[in-house]
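Number of protein chains: 2
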Amino acid sequence: MSELNRSSPSDLKVACSGCNLRELCLPFALSEADVERLDNIVSLRKNVARGQALFRHDAPFLGLYAVRTGFFKTSVPTGDGRDQVTGFQMAGEVLGLDGLGQERHACDAIALEDSQVCVIPYERMEDLSREFAGLQKQFLKIMSREIVRENSVMLLLGSMKADERVAAFLLNLTKRLQARGFSSSSVLLRMKREEIGSYLGLKLETISRAFSKLQEDGLIVVDQREIEIRDTAGLQRLVNSANC
Amino acid sequence: MSELNRSSPSDLKVACSGCNLRELCLPFALSEADVERLDNIVSLRKNVARGQALFRHDAPFLGLYAVRTGFFKTSVPTGDGRDQVTGFQMAGEVLGLDGLGQERHACDAIALEDSQVCVIPYERMEDLSREFAGLQKQFLKIMSREIVRENSVMLLLGSMKADERVAAFLLNLTKRLQARGFSSSSVLLRMKREEIGSYLGLKLETISRAFSKLQEDGLIVVDQREIEIRDTAGLQRLVNSANC
DNA sequence: CGAGGTGTTGAGATTTGTCAACCTACGTGG
DNA sequence: CCACGTAGGTTGACAAATCTCAACACCTCG
Chain A
1334 MSELNRSSPS DLKVACSGCN LRELCLPFAL SEADVERLDN IVSLRKNVAR GQALFRHDAP
1394 FLGLYAVRTG FFKTSVPTGD GRDQVTGFQM AGEVLGLDGL GQERHACDAI ALEDSQVCVI
1454 PYERMEDLSR EFAGLQKQFL KIMSREIVRE NSVMLLLGSM KADERVAAFL LNLTKRLQAR
1514 GFSSSSVLLR MKREEIGSYL GLKLETISRA FSKLQEDGLI VVDQREIEIR DTAGLQRLVN
1574 SANC
Chain B
1334 MSELNRSSPS DLKVACSGCN LRELCLPFAL SEADVERLDN IVSLRKNVAR GQALFRHDAP
1394 FLGLYAVRTG FFKTSVPTGD GRDQVTGFQM AGEVLGLDGL GQERHACDAI ALEDSQVCVI
1454 PYERMEDLSR EFAGLQKQFL KIMSREIVRE NSVMLLLGSM KADERVAAFL LNLTKRLQAR
1514 GFSSSSVLLR MKREEIGSYL GLKLETISRA FSKLQEDGLI VVDQREIEIR DTAGLQRLVN
1574 SANC
């Protein structure tokens, strides 16, 4: 009945050991042997259509998910029915870490395009320690990185101006896309202005104006959701100059 | 030579099993047997004087710390030498989770009063999986909770007005103090207005004005760093009404 | 008693939000 | 294939919130 059920849980056999995201995803820096152990834990894939939820807040925690293809946003409810976007996730990134603590999800995860995730079922995570110490530590590392990421978002939200936030947002996106082999000078945004605004703590009109401003200054070229980066160093200077 | 060295690493023998913070700290919800295993991992205490750093960003990650007595702040550098405060930690709370991922700390941890922490040395964490599956999962849970906490700070920074942020801050503090057996109607702030402002993404003058405003409205009474909560429900309404 | 750190308050500047109009792209149905 | 409706995006004018700068008050500590 839930939106979750409407997605198709295709029971494809997964193999981290043969995945082209190895270097970016769960297996990063793991030994060959450890990756094979991981294969036993990550056992199936799941498709999520654009607009659908992978999970919703308050839903029981069933496991972690690694994005295989596609693009997600996570958001927390504001109490009055609206949401604040807390992150955007692309291939190789992990969703659901918020749910481990209370065995219940703290945010919604919505696909911004047709996507596919690899599933790490909660009950299999019990096997982690039995499987190998290296694997268990891997999860601690992944969570630690998420904490560091959130620290940097707090920095952004707490101390940057609108233009600086947008510049930092674009640089972060292109850096992650570049690590995945995409162009670092051109981004196709998968989210709307309103979602960027929610993530950056700004209104959609302010995002729009910031894009226009950065374009006027020759740092980027905006064509709808297609952003061309003209001056990466200039954007970086803008971010660095924050709070001076 | 570092400030770290100037703190006195008193080699007291620690026993989680006999600690009065059991229910709030690392051992929460662990079995008697697991807590005894934890005793083998948490092996010493360390004093940190007011104003000193427990660790600094970029320093090698040596282990996790559980606050035993005292009060800390964590902050990340903004790039221009200044810092943004990312959290305040009191007895039973864990410091250093940010360092696991890169084996290097991402933030500074500074004592706001003379404090004592229990040390979980990094090399001992290797023993976690050998010791017991329950223990390893405990750390994942603690990290997950930190992620959820940071989510809620992002929500605060991204979508609340000054008064609402301050109200949320006070409610959060009193809730945590109450869980530790302190009065929920009176708080002695351990940090200055500037640090609250940094944490909440506001300037110190705005914090001062927000306190005055909440006092005018009869919700609190302010006397320097001593805050008396007069109307918890009123503060809660203010927080809930955010974004309406 | 004086100095320095911290906190409060006011006035004006700056930034962002709000509201409204308009534009563009896209999908649907005639 | 075109007309139309709708969602998303841009821009302007004004309002509201916060920041900035400055003056001053208070407290602590030597």
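From first to last, the protein sequence lines stand for chains A and B. Counting in the numbering used here, the first sequence runs from 1334 upward without gaps. Counting in the numbering used here, the second sequence runs from 1334 upward without gaps. Ideal placement from N, C-alpha and C gives every residue a C-beta, glycine not left out.
Counting C-beta pairs with one atom in each stretch, the region 1563 to 1573 of chain B and the region 1445 to 1459 of chain B have fewer than three that are closer than 8 Å, which means they do not touch.
Taking 8 Å as the Cβ-Cβ cut-off, the region 1389 to 1415 of chain B approaches chain A at 1409, 1411, 1412, 1413, 1415, given in chain order. Nearest CB-CB separation between residue 1472 (chain B) and chain A: below the 8 Å threshold. Within chain A, not a single residue places a beta-carbon under 9 Å from that of residue 1499 (chain B); the smallest gap is close to 14 Å. The three-state secondary structure of residue 1460 (chain A), taken from DSSP, is coil.
Neighbours of residue 1523 (chain B) in chain A, taken as residues at a C-beta separation under 8 Å, are lacking, since the least C-beta distance is about 20 Å. Straight-line spacing of the CA atoms in residue 1349 (chain B) and residue 1407 (chain A) works out to 37 Å.
Per DSSP, the unbroken alpha helix (DSSP H) holding residue 1491 (chain A) starts and ends at 1466 to 1492. Around the Cβ of residue 1356 (chain A), a 10 Å sphere holds fewer than 16 other Cβ atoms; the residue is exposed. What residue 1456 (chain B) touches in chain A, judged by beta-carbon distance under 7 Å, is nothing: the nearest beta carbon there is about 12 Å away.
Under the Cβ criterion of 8 Å, residue 1534 (chain A) is counted among the residues facing chain B.
Three or more pairs of CB atoms, one per stretch, sit closer than 8 Å, so the region 1485 to 1504 of chain B contacts the region 1490 to 1505 of chain A. Of all residues in the region 1419 to 1452 of chain A, the ones placed with a Cβ closer than 8 Å to any Cβ belonging to chain B are 1419, 1430, 1431, 1432, 1433, 1434, 1435, 1439, 1440, in chain order. In this structure, the CA atom of residue 1569 (chain A) is about 10 Å from the CA atom of residue 1552 (chain A). Residue 1366 (chain A) sits exposed, since fewer than 16 C-beta atoms from the chains shown fall within 10 Å of its C-beta. For residue 1480 (chain B), at least one C-beta of chain A is nearer than 8 Å to its own C-beta. Within a 10 Å sphere around the beta-carbon of residue 1508 (chain A) sit fewer than 16 other beta-carbons, which makes this residue exposed. Within the model, the alpha-carbon separation for residue 1574 (chain B) versus residue 1526 (chain A) is close to 24 Å. Look at residue 1488 (chain A): its C-beta is under 8 Å from a C-beta on chain B. Per the Cβ contact rule, the region 1421 to 1428 of chain B is in contact with the region 1357 to 1376 of chain B (3 or more Cβ pairs under 8 Å).
Secondary structure at residue 1413 (chain B): coil, using DSSP grouped into helix, strand and coil.
For residue 1380 (chain B), the uninterrupted beta strand (DSSP E) segment begins and ends at 1377 to 1381. Straight-line spacing of the CA atoms in residue 1468 (chain B) and residue 1363 (chain B) works out to 8 Å. Not one beta carbon of chain A lies nearer than 8 Å to the beta carbon of residue 1353 (chain B). When DSSP states are grouped into helix, strand and coil, residue 1546 (chain B) belongs to the helix group. By the 16-neighbour rule on beta-carbons within 10 angstroms, residue 1545 (chain A) is exposed. At the C-beta level, residue 1436 (chain A) and residue 1480 (chain B) stay beyond 8 Å of one another.
If you look at residue 1526 (chain A), you'll find it in the alpha helix (DSSP H) that goes 1526 to 1533. Taking C-beta atoms as the reference points, residue 1558 (chain A) and residue 1533 (chain A) fail to come closer than 8 Å. Between residue 1389 (chain B) and residue 1354 (chain B), the gap from beta carbon to beta carbon reaches 8 Å or more. Secondary-structure assignment with DSSP links residue 1442 (chain B) through a beta bridge to B:1388, B:1407. Measuring C-alpha to C-alpha distances from residue 1519 (chain A) to each of A:1538, A:1503, A:1429, A:1416 identifies A:1503 as the nearest.
Here residue 1536 (chain B) has 1530 as same chain residues with Cβ atoms under 8 Å from its own Cβ, once five neighbours each way along the sequence are excluded.
Listed by position along chain A, the residues whose Cβ is nearer than 9 Å to that of residue 1362 (chain B) form an empty set, because the closest Cβ is around 11 Å away. Close to residue 1417 (chain B), with beta-carbon spacing below 8 Å, are these residues of chain A in chain order: 1487, 1488, 1491, 1492.
Between residue 1409 (chain B) and residue 1386 (chain B) a beta carbon distance of about 14 Å is seen, past the 8 Å cut, so the two are scored as non-contacting.
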